[in-house]
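First to last, the protein sequences are chains A and B.
Numbered according to my numbering, the first sequence spans residues 2 to 150.
Numbered according to my numbering, the second sequence spans residues 2 to 150.
Number of protein chains: 2
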Amino acid sequence: MPKTPRNKSGPKRRSECPLNASVEMLGDRWSLLIIRDMMLRGFRSYKEFLECYERIATNILADRLRRLTTNGIIQASPDPTDGRKLIYSLTAKGIDLAPVLTEMVLWAAAHENTGNQALVRQMQSDKGKFLAGIRERWENGGGSRSGNE
Amino acid sequence: MPKTPRNKSGPKRRSECPLNASVEMLGDRWSLLIIRDMMLRGFRSYKEFLECYERIATNILADRLRRLTTNGIIQASPDPTDGRKLIYSLTAKGIDLAPVLTEMVLWAAAHENTGNQALVRQMQSDKGKFLAGIRERWENGGGSRSGNE
DNA sequence: AATGTTACTTGCAAAATGCAAGTAATAATT
DNA sequence: AATTATTACTTGCATTTTGCAAGTAACATT
Numbered sequence: 002m003p004k005t006p007r008n009k010s011g012p013k014r015r016s017e018c019p020l021n022a023s024v025e026m027l028g029d030r031w032s033l034l035i036i037r038d039m040m041l042r043g044f045r046s047y048k049e050f051l052e053c054y055e056r057i058a059t060n061i062l063a064d065r066l067r068r069l070t071t072n073g074i075i076q077a078s079p080d081p082t083d084g085r086k087l088i089y090s091l092t093a094k095g096i097d098l099a100p101v102l103t104e105m106v107l108w109a110a111a112h113e114n115t116g117n118q119a120l121v122r123q124m125q126s127d128k129g130k131f132l133a134g135i136r137e138r139w140e141n142g143g144g145s146r147s148g149n150e
Numbered sequence: 002m003p004k005t006p007r008n009k010s011g012p013k014r015r016s017e018c019p020l021n022a023s024v025e026m027l028g029d030r031w032s033l034l035i036i037r038d039m040m041l042r043g044f045r046s047y048k049e050f051l052e053c054y055e056r057i058a059t060n061i062l063a064d065r066l067r068r069l070t071t072n073g074i075i076q077a078s079p080d081p082t083d084g085r086k087l088i089y090s091l092t093a094k095g096i097d098l099a100p101v102l103t104e105m106v107l108w109a110a111a112h113e114n115t116g117n118q119a120l121v122r123q124m125q126s127d128k129g130k131f132l133a134g135i136r137e138r139w140e141n142g143g144g145s146r147s148g149n150e
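In structure tokens form, the structure reads like this:
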């Protein structure tokens, strides 16, 4: 029987829709969680991520941090008090993901039984203020640990 | 030498943060693209998805449609004019993903060279109106392609 | 110099994925 | 009624990706 391949027809213009770019950078199991924990929990070091995600493999974590850095979402700088450490922080591009995360959290909270109702209520009651707070904390001081957990 | 595992310490309360639920349902390469194309391009059938995503495998597409259905984001109903077909449509939960998609598109548009500037400008100029339009189209008529019905 | 910590890399088994090739259920055509 | 085509999948298998234990280089501390 002759071959009758099914997937050869569509034109598939990459990045025709902007969402393709987002999915390429964030469409996996870990990237958004890493960004969330930098943004909301103030995670800065490899060790914090490794100990937090019980199931993430060390090489996967290293790869995701590298990819997020390559994509300009986070940046790594040496710790001045300890030459061995790298301090990871969000770039402006990374901070701009706050609205995406917020909408995802609100969506899940509306349709699932999720935890951390305090955070959800804070987002719901004044979304703009919540986002402004995140931006402010990151723009001066480079992202201190917030009260959200 | 004794084992010294690295990943056994963190408590890792699942769904402590609502984002975990979102990532479990949407954190892969295809799910959000499927939702986007149902929402913005009016895709309804297995065949449309298969021909559009040049690189998606048939079993992966079937799996993602099944998972999205299981998660209550889309639903499948038989086509009354052709008993062989299934018509996929967004549920209320799926429609509620519009703000997430919108923020992702706007984020990518702000930081990458993405296509479809018309869509982006429409989102930017009046986000609320854009979202209302999507909801309206889906709430009466089950999501027509454009001005149908 | 010995020991500990950090931020990785390596090796390998297991799981997920991609792709060609089926297949059952229908529909259209002859 | 038989033939052909289409849809919406499933199956089998090779390739790729991931998870985990173990190792390591570069410091830092004692």
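We treat Cβ as the ideally placed atom computed from N, Cα and C, and that holds for glycine.
Everything numeric in this text was worked out from a predicted model, so none of it was measured.
By the C-beta criterion, the stretch 125–133 of chain A is judged not to be in contact with the stretch 80–91 of chain A, since fewer than 3 inter-stretch pairs fall below 8 Å.
Here the stretch 17–26 of chain A makes contact with the stretch 96–110 of chain B; the two share three or more CB pairs at distances below 8 Å.
A Cβ-Cβ contact shorter than 8 Å links B:Leu91 with B:Met39.
Residues of the stretch 101–115 of chain B whose Cβ lies closer than 9 Å to any Cβ of chain A, in chain order: Val101, Leu102, Thr103, Glu104, Met105, Val106, Leu107, Trp108, Ala109, Ala110, Ala111, His112, Glu113, Asn114 and Thr115. Secondary structure of A:Leu91 (DSSP, three-state): strand.
Around A:Tyr54, the same chain offers Trp31, Leu34 and Leu62 as residues with beta carbons nearer than 8 Å, after the five sequence neighbours per side are excluded. Shown here for B:Leu27: same chain residues with a beta carbon closer than 7 Å to its own, the five before and five after excluded, namely Leu33 in chain order.
The alpha carbon of B:Leu41 has as its nearest neighbour, out of B:Gln118, B:Ala99, B:Lys94 and B:Ala58, the alpha carbon of B:Ala99.
Here B:Ala77 is bridged, per DSSP, to B:Tyr89. Sequence-ordered contacts of the stretch 79–102 of chain A with chain B read Lys94, Asp97, Leu98, Pro100, Val101 and Leu102 [C-beta pairs closer than 7 Å].
Take the alpha-carbon of B:Thr70 and the one of B:Arg45: they are about 13 Å apart. At a Cβ-Cβ threshold of 8 Å, B:Ile36 and B:Gly95 count as neighbours. From the listed residues A:Arg122, A:Ala93 and A:Arg85, the smallest Cα separation to A:Gln76 is found for A:Ala93. Taking 7 Å as the cut-off between beta carbons, the residues of the stretch 29–47 of chain B near chain A are Asp29, Arg30, Leu33, Leu34 and Arg37, in sequence order.
For B:Ala119, no Cβ of chain A is located within less than 8 Å of the residue's own Cβ.
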